[in-house]
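Notes follow the structure.
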Amino acid sequence: MKIATWNVNSVRSRLERLIAFLGRHDPDIVCLQELKTTEENFPFDEIKAAGYHSAIFGQKTYNGVAILSKSEPSDVSRSMTDGAEDPQARLISADVAGVRIISGYFPNGGTVGSDKWEYKLDWMKRLGAYLEKHHKKSEALLLCGDTNIALDDKDVANPESWAETVLCHPEGRAALNDVIAWGLHDVFREKNPDGGLYSWWDYRMLGFPKNDGLRIDHILATSSLAKKCTAAVIDRDERKGSKPSDHAPVIAEFSL
DNA sequence: ATGGTTGCTTAGCAA
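For the first sequence, the positions run 822 to 1077 when our numbering is used.
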């Protein structure tokens, strides 16, 4: 089973690239983030024609997440269903081929200390409670998405310039590590222990040409699946060329 | 350098 996670930064402006990506990699499942559109305007037909079902949780202008899959998803759940007052579409879950798939777009956090930063930390706390309430670590489960956190300085090309920012702050790292400690494994790290590989480069300040990147997109697997992971890569080429997303897709394969 | 680029929406926000 091959799964990809990709923050597309608008599914409509990235549709041509997305369809080409599906053809190039032939993934069984794709978790998308930052759709930036409502369900009404989601390109279901084009994605269906490429051979994929779409389970989506959309929102106008901002956020929005989806799970694309060759086999039909079931038991689709949108948001954390915890009664919190939260209008932001950032989490969707579904069963696909016997695996629980979660696509998450973690809050960026604005600047450390801001209201958005507090929301980011609280959102990760809620996610930990969501996993605890709805799942068991003995399940086959994949939490995929843009976490907006680089867990380690070896996932940051220029750690000194990103230190203490929302993507690298120790409190954010601790919050994501708390989620992971529930029973998840960073399969990309396990396959690429040396670091130095990135999934996001800022559009500004020549981020990609200078390779000023961070690995902030993750595929996190429960241990039964992590043991079966055979490969984990980043499609850095997808960041090249005309009209790329600012994120590159992360892809993992599992022998099920 | 509180900068810069992109997308949605059409002036300002979010990233």
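Glycine included, each C-beta is placed from N, C-alpha and C at the ideal position. Bear in mind the structure is a predicted one, so any value in this text is a computation, not a measurement.
**Report entry** Sequence-distant residues of the same chain with beta carbon closer than 6 angstroms to I923, five excluded per side
**Finding:** Walking along the first sequence from the start, residue 923 turns up at place 102. Apart from sequence neighbours up to five positions away, the residues of its chain that approach I923 with a beta-carbon distance below 6 angstroms are S914 and L964, ordered along the chain.
Requested in this report: Consult DSSP for H1039 and reduce its assignment to one of helix, strand or coil.
Outcome: As a first step, residue 1039 must be located in the first sequence, where it is residue number 218. H1039 carries a strand assignment under DSSP once its states are collapsed to helix, strand and coil.
Report task. Mark F865 as exposed unless 16 or more other C-beta atoms lie within 10 angstroms of its C-beta, in which case mark it buried. Result -> Taking the first sequence and counting its residues from 1, the one referred to as residue 865 is at position 44. The residue in question, F865, is exposed, as its Cβ has fewer than 16 Cβ neighbours within 10 Å.
Query raised in the report: Which whole runs of the alpha helix (DSSP H) in the stretch 828 to 914 are 4 residues long or more, in chain order?
Result: Entirely contained in the stretch 828 to 914, the alpha helix (DSSP H) runs reaching 4 residues are, in chain order, 836 to 846 and 865 to 870.
Requested in this report: Would you kindly work out how many angstroms separate the C-alpha atoms of G879 and W983, rounded to a whole number?
Outcome: Here residue 879 refers to the residue found at position 58 when the first sequence is read from its first residue. Here residue 983 refers to the residue found at position 162 when the first sequence is read from its first residue. Going by the C-alpha atoms only, they are around 30 angstroms apart.
Query raised in the report: Cα-Cα, which of V851, L948 and A1047 is closest to L962?
Result: Along the first sequence, one-based indexing puts residue 962 at 141. Closest option to L962, Cα to Cα, is A1047.
Query raised in the report: Per the contact definition of three or more C-beta pairs closer than 8 angstroms, is the stretch 887 to 894 in contact with the stretch 929 to 936?
Result: With a cut-off of 8 angstroms, the stretch 887 to 894 and the stretch 929 to 936 do not count as touching, because too few Cβ pairs lie within range.
Requested in this report: Mind checking which residues open and close the alpha helix (DSSP H) that includes E992?
Outcome: As a working note, residue 992 is residue 171 in the first sequence. Segment P991 to A1002, the alpha helix (DSSP H) holding E992.
Query raised in the report: Measuring CA to CA, which of K975, G966 and N1032 is closest to A1073?
Result: As a position in the first sequence, residue 1073 is number 252, starting the count at 1. In terms of Cα proximity to A1073, the closest of K975, G966 and N1032 is G966.
Query raised in the report: Can you tell which of P1030, I1055, D907 and R1010 has its C-alpha closest to the C-alpha of G1062?
Result: As a position in the first sequence, residue 1062 is number 241, starting the count at 1. The residue with the shortest Cα to Cα distance from G1062 is P1030.
Query raised in the report: Exposed or buried, which one is Y1024 when buried takes at least 16 other CB atoms within 10 Å?
Result: Here residue 1024 refers to the residue found at position 203 of the first sequence. Taking all protein chains in view, the Cβ of Y1024 is surrounded by fewer than 16 other Cβ atoms within 10 Å, so the residue is classified as exposed.
Report task. Enumerate in chain order the residues of its own chain whose CB-to-CB distance from I1055 is below 6 angstroms, with the five nearest sequence positions on each side excluded. Result -> Along the first sequence, read from residue 1 onward, the residue named residue 1055 stands at position 234. L1018, S1020, A1069 and V1071.
Requested in this report: Can you give me the Cβ contacts of I1037 inside the same chain, cut-off strictly under 7 angstroms, excluding the 5 residues immediately before and after it?
Outcome: Locating residue 1037 in the first sequence gives position 216, counting from the first residue. Around I1037: D967, T968, N969, I970, A971, L988, S1020 and W1021.
Report task. Determine which residues share a DSSP beta bridge with W1021 and list them. Result -> Counting from 1 along the first sequence, the entry for residue 1021 is found at position 200. Its beta-bridge partners are L1035 and H1068.
Query raised in the report: Cα separation between E855 and Y883?
Result: Here residue 855 refers to the residue found at position 34 of the first sequence. Here residue 883 refers to the residue found at position 62 of the first sequence. Rounded to whole angstroms, E855 to Y883 spans 7 angstroms at the Cα level.
Requested in this report: Give the straight-line distance between the Cα atoms of E992 and A870, rounded to the nearest whole angstrom.
Outcome: Translated into positions along the first sequence, residue 992 becomes position 171. Translated into positions along the first sequence, residue 870 becomes position 49. Using only the alpha carbons, I get a separation of about 43 angstroms.
Report task. Just tell me which of N862, S900, A1053 and S1066 has its CA closest to the CA of S1076. Result -> To locate residue 1076, count along the first sequence from 1; it is residue 255. In this structure, A1053 is the residue among N862, S900, A1053 and S1066 with its C-alpha nearest to the C-alpha of S1076.
Query raised in the report: Just curious, the alpha helix (DSSP H) that P952 is in, first and last residue?
Result: Numbered from its first residue, the first sequence carries residue 952 at position 131. Note that residue 952 is Leu in the sequence shown, not Pro. Looking at the DSSP string, the run of the alpha helix (DSSP H) that includes L952 is D936 to H955.
Query raised in the report: On the three-state DSSP scale, how would you describe F1075?
Result: Position 254 of the first sequence holds residue 1075. Shown here, F1075 sits in a strand according to DSSP, grouped into three states.
Query raised in the report: With respect to the beta strand (DSSP E) encompassing V1008, which residues constitute its N-terminal and C-terminal limits?
Result: On the first sequence, position 187 is the one that residue 1008 refers to. Per DSSP, V1008 belongs to no beta strand (DSSP E); it is in the alpha helix (DSSP H), V1008 to K1012.
Query - Span separating the alpha-carbon of V897 from that of A978 - result: Position 76 of the first sequence, counted from the first residue, corresponds to residue 897. Position 157 of the first sequence, counted from the first residue, corresponds to residue 978. Taken atom to atom, the span from the alpha-carbon of V897 to that of A978 is near 37 angstroms.
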